[in-house]
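Per numbering that gives the first Met the number 0, numbering of the sequence shown is gapless, rising by one per residue and ending at 261.
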Amino acid sequence: MNPTGSSTIDRMSLDGKVAVVTGGAGAIGQVYARALAEAGARVVLADLDGEGAERAAKSLASDGLHALGVRVDITDRDSAATMTALTVETFGGVDILVNNAALMADIPQVDLLELPGEWFDRVMRVNVFGAVVCAGAVKASMVERGGGRIINQVSAGAFMGGGIYGVSKLALVNVTVGLARSLGPLGINVNAIAPGLVENEPGFKSLPAEHPARAALASAIPGKKQAPAEDLLGTLLLLASPAGEWINGQTISVDGGWVSRL
0 MNPTGSSTID RMSLDGKVAV VTGGAGAIGQ VYARALAEAG ARVVLADLDG
50 EGAERAAKSL ASDGLHALGV RVDITDRDSA ATMTALTVET FGGVDILVNN
100 AALMADIPQV DLLELPGEWF DRVMRVNVFG AVVCAGAVKA SMVERGGGRI
150 INQVSAGAFM GGGIYGVSKL ALVNVTVGLA RSLGPLGINV NAIAPGLVEN
200 EPGFKSLPAE HPARAALASA IPGKKQAPAE DLLGTLLLLA SPAGEWINGQ
250 TISVDGGWVS RL
C-alpha cells in the first residue's frame with residue numbers, strides 16, 4: 000500500500016486542478032496543454048497570439064477536454080493579472096502554472112557581441128521577467144487553494160556557452176531556485192524542465208534538421224539524440240502532480256544525457 004493511502008496512478012492525476020500554460024498557441028505549449036487536460040486538469044492556454052490560443056483551446060474542447068484560450072502579454076503585470084482573473088472566473092482558481100512562453104526562433108543568429116541592445120533587453124524581458132510576472136500573478140490564487148506548482152521551461156542551452164537565448168535560460172534556472180525558496184513555505188513548488196534537441200518547427204527554424212551543427216551537437220549525446228515534445232510529458236506530469244510534491248527548486252534535464260551535472 001502506498002503510504003499516502005492513494006494509488007500510484009491516483010498520485011499522477013490532475014483531477015480538479017486548473018493549469019495555465021503560457022505560450023499555449025505554440026508547438027510545445029499545445030502538447031503540454033493537451034497532456035495536462037488529458038490528466039484531468041482544466042487548462043488555460045495563454046499567448047500573445049490570442050487568436051492562436053483560442054484555436055488551440057477549441058481543438059482541445061472538441062475532444063471533450065476543458066480548455067480556455069486567452070491573450071496575454073507576459074511582460075505586462077496588468078495583462079498577466081487579467082489572464083489570472085479570467086482563469087479564476089472560468090475555472091475557480093489556479094493550481095499549476097507552466098511558464099513556457101519564450102523568444103527563440105526569432106532571435107537574430109549573431110554573436111553575443113554583435114547582438115543589438117534592444118534584442119538583449121527584449122529576450123531577457125520575455126524569457127526571464129515574463130516568468131516572474133506570471134508567477135506573481137497566480138501566487139494569491141495558489142495560496143488560497145492551499146498551494147500550487149510552477150514549472151519553468153528552460154533549455155539544455157542554459158548550460159552551454161552561446162548566445163542570448165542560453166543566457167536567458169540560465170537566468171531562469173536561477174529564478175527557479177529563488178522562487179522555490181520564497182514560495183516553498185507557502186506550499187508552492189517551483190521547478191524547471193531543460194529539454195534537449197526537440198523535433199518541432201521552432202527548433203528546426205533555429206537549427207535546421209540538416210544543419211551540420213545539429214549533427215555535431217547530437218554526436219555528443221550518449222542516449223537518445225533528439226525527440227518530439229511528447230518525450231517531455233513524463234517530467235511535466237511528475238512536476239505538476241501530487242507524485243512530485245517533494246521536488247522543489249530543481250531543473251530536470253530531458254535530453255538523452257547531453258547535459259550532466261554532478
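Where is the CB? At the ideal position from N, CA and C, for every residue including glycine.
Next on the checklist: I'd like to confirm the pairing. Which residues does DSSP put opposite N151 in its beta bridges?
Outcome noted: In the sequence shown, counting from the first residue as 1, residue 151 sits at position 152. Answer is N98 and A191, bridged to N151.
Checklist entry - DSSP beta-bridge partners for D46? => result Residue 46 sits at position 47 when you count from the first residue of the sequence shown. Its beta-bridge partners are R70.
Checklist entry - Straight-line CA distance for D7 to L232? => result The residue you call residue 7 lines up with position 8 of the sequence shown. The residue you call residue 232 lines up with position 233 of the sequence shown. Per the sequence presented here, residue 7 reads as Thr, with Asp not at that position. Rounded to the nearest angstrom, the two C-alpha atoms are 17 Å apart.
Item to check | Proximity to A228 [Cα-Cα], best of E209, S240, P201 and G222 | outcome: Locating residue 228 in the sequence shown gives position 229, where the first residue counts as 1. Closest by alpha carbon: P201.
Next on the checklist: Between L64 and S240, how many whole angstroms is the CB-CB distance? I'm expecting something under 8 Å.
Outcome noted: Counting from 1 along the sequence shown, the entry for residue 64 is found at position 65. Counting from 1 along the sequence shown, the entry for residue 240 is found at position 241. Not confirmed; about 17 Å, so no contact.
Item to check | Buried versus exposed, by CB contacts within 10 Å (16 or more), R260 | outcome: For the purposes of this step, residue 260 is identified with residue 261 of the sequence shown, where counting begins at 1. Classification for R260: exposed.
Next on the checklist: Taking the straight line between their C-alpha atoms, what separation do you get for P184 and V166?
Outcome noted: Translated into positions along the sequence shown, residue 184 becomes position 185. Translated into positions along the sequence shown, residue 166 becomes position 167. P184 and V166: Cα-Cα distance of roughly 29 Å.
Item to check | Integer-rounded CB distance, given that V93 should sit under 8 Å from V278 | outcome: Only positions 0 to 261 of the chain appear in this structure, which leaves residue 278 out of reach.
Next on the checklist: I'd like the list of long-range same chain contacts for M0, defined as Cβ closer than 8 Å, with 5 residues on each side in sequence excluded.
Outcome noted: Here residue 0 refers to the residue found at position 1 of the sequence shown. With a pLDDT of 44 at M0, under the threshold of 50, the modelled position of that residue is not reliable, and no figure is offered here.
Checklist entry - Between the stretch 52-64 and the stretch 32-42, do at least 3 Cβ pairs fall closer than 8 Å? => result yes
Checklist entry - What residues in its chain sit with their C-beta under 7 Å from that of A212, if we drop five residues either side in the sequence? => result As a working note, residue 212 is residue 213 in the sequence shown. Cβ neighbours of A212 beyond the five flanking positions: L206.
Checklist entry - What residues in its chain sit with their C-beta under 7 Å from that of M159, if we drop five residues either side in the sequence? => result Position 160 of the sequence shown holds residue 159. Only G165 meet the Cβ criterion.
Checklist entry - Run through DSSP, which three-state label would A52 get? => result By one-based count along the sequence shown, residue 52 stands at place 53. A52 falls in the helix class under three-state DSSP.
Checklist entry - Looking at the structure shown, is I251 part of a helix, part of a strand, or coil, going by DSSP? => result Reading the sequence shown from its first residue, position 252 is the one you call residue 251. In the structure shown, I251 sits in a strand (DSSP, three-state: E or B).
Checklist entry - Among the residues of its own chain, which have a CB less than 7 Å from the CB of V69, if the five just before and after it don't count? => result Along the sequence shown, read from residue 1 onward, the residue named residue 69 stands at position 70. Once the five neighbours on either side are set aside, the close Cβ partners of V69 are V43, A45, G49, A52, M82 and L85.
Item to check | Proximity below 9 Å, CB of L59 to CB of A26 | outcome: Stepping through the sequence shown from its first residue, residue 59 is reached at position 60. Stepping through the sequence shown from its first residue, residue 26 is reached at position 27. Cβ distance not < 9 Å, so L59 and A26 don't count as in contact.
Next on the checklist: To the nearest angstrom, how far is the alpha carbon of D77 from that of G135?
Outcome noted: Taking the first residue of the sequence shown as position 1, residue 77 is located at position 78. Taking the first residue of the sequence shown as position 1, residue 135 is located at position 136. For D77 and G135, the distance between alpha carbons rounds to 11 Å.
Checklist entry - Alpha carbon to alpha carbon, how far is I246 from N188? => result If you number the sequence shown from 1, residue 246 lands on position 247. If you number the sequence shown from 1, residue 188 lands on position 189. Each residue's Cα considered, the two are about 7 Å apart.
Checklist entry - Between V17 and L111, what straight-line distance do the alpha-carbon atoms span, to the nearest angstrom? => result The residue labelled residue 17 in the question sits at position 18 within the sequence shown. The residue labelled residue 111 in the question sits at position 112 within the sequence shown. V17 and L111: Cα-Cα distance of roughly 39 Å.
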